[in-house]
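Protein sequence lines, in the order shown, are assigned to chains A and V. Residues are numbered in the numbering used here as their position in the first sequence, beginning at 1, plus a constant of 2. Residues are numbered in the numbering used here as their position in the second sequence, beginning at 1, plus a constant of 371. Every residue, glycine too, gets a C-beta built ideally from N, C-alpha and C.
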Amino acid sequence: RKEVEQDPGPFNVPEGATVAFNCTYSNSASQSFFWYRQDCRKEPKLLMSVYSSGNEDGRFTAQLNRASQYISLLIRDSKLSDSATYLCVVKFGIGNEKLTFGTGTRLTIIP
Amino acid sequence: NAGVTQTPKFQVLKTGQSMTLQCAQDMNHNSMYWYRQDPGMGLRLIYYSASEGTTDKGEVPNGYNVSRLNKREFSLRLESAAPSQTSVYFCAGRQDFYGYTFGSGTRLTVV
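Okay, structure coming up:
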């Protein structure tokens, strides 16, 4: 089983719709969680951290469920500019420097 | 602010050739990382350096060496390139708790 698993998609969603992605992780000792965004042929960029209580940044909402070991990303009122690959990222363990990346979920927003 | 700068952006090598990928950051990061990204595999850690003067193996270190020349620079060397090393290589610096800042990547093709 992969340490971090995501549905690869692609998700093709009409503009203005709401879309949600889930990501599961295998290590219950995981400490920190992030969503990164990667545009085609570009580097990954931090979209948002995921906090235990859940957090929101504009149209984006991230949730963490430690009991079921998954995190989610909800995008409301999707824009054409949201088209990208979304990477689920987990940091395992205290003091562990390394991040582990999921393979990404590809999202295309259709006009 | 340049952030994390990688050179070259593109490279084609013949099997058996050697080369060094350069990475420099001006964000005062202590930790630096080299990842490779392949289709369907996500980002996989090759080597990392938690601080100046230290380096450690990641998930896929075979065929690579690294050098943390100083706090700013972290280079990745392929001593004898193989077609299996065709990939996109990303350098990153750790942005404290909030994840990484990535360079723009090096697209390497080994023929």
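Quiz item: Are the stretch 58-65 of chain A and the stretch 376-391 of chain V touching, with three or more C-beta to C-beta distances below 8 Å?
Solution: no
Self-check item: Secondary structure of residue 79(A), DSSP reduced to three states
Solution: coil
Exercise. Name, going along the chain, the residues of the stretch 78-104 of chain A whose beta-carbon falls closer than 9 Å to a beta-carbon of chain V.
Key: 89, 91, 93, 99, 100, 101, 102, 103 and 104
Exercise. Establish whether the CB of residue 435(V) and some CB of chain A are separated by less than 8 Å.
Key: no
Quiz item: Got a sec? Which residues, its chain only, sit under 6 Å from residue 91(A) by beta carbon, not counting five neighbours each side?
Solution: 36, 38, 101 and 103
Exercise. List the residues of chain A that residue 414(V) touches, going by C-beta distances under 8 Å, in chain order.
Key: 46, 89 and 103
Quiz item: Can a CB atom of chain C be found closer than 8 Å to the CB of residue 36(A)?
Solution: Protein chains in the displayed structure are A and V, and chain C is not among them.
Self-check item: Under 8 Å from the C-beta of residue 461(V): neighbouring residues of chain A
Solution: 45 and 46
Practice problem: Decide if the stretch 15-29 of chain A is in contact with the stretch 421-433 of chain V; the criterion is three or more beta carbon pairs, one per stretch, under 8 Å apart. | Solution: no
Exercise. Determine the direct distance from the alpha carbon of residue 403(V) to that of residue 395(V), and round the result to whole angstroms.
Key: 9 Å
Exercise. Starting from the C-beta of residue 429(V), find all residues in its chain whose C-beta is less than 7 Å away, skip the five residues before and the five after it, and write them out in chain order.
Key: 416, 417, 418 and 419
Exercise. Following the continuous beta strand (DSSP E) through residue 27(A), name the residue where it begins and the one where it ends.
Key: 21-27
Practice problem: Using a Cβ cut-off of 7 Å, pull out every chain V residue sitting near residue 106(A), in sequence order please. | Solution: 413
Quiz item: Checking contacts by CB at 8 Å: is residue 458(V) closer than that to chain A?
Solution: no
Exercise. Return the CA-CA distance between residue 421(V) and residue 78(A), expressed in angstroms with no decimal places.
Key: 38 Å
Quiz prompt | For residue 479(V) and residue 455(V), believed in contact at Cβ under 8 Å, the rounded distance | solution = So it is not a contact: roughly 11 Å between Cβ atoms.
Quiz item: For chain A, is any of its Cβ atoms less than 8 Å away from the one on residue 419(V)?
Solution: yes
Practice problem: Give the single residue among 424(V), 437(V), 414(V) and 453(V) whose Cα lies nearest to the Cα of residue 401(V). | Solution: 424(V)
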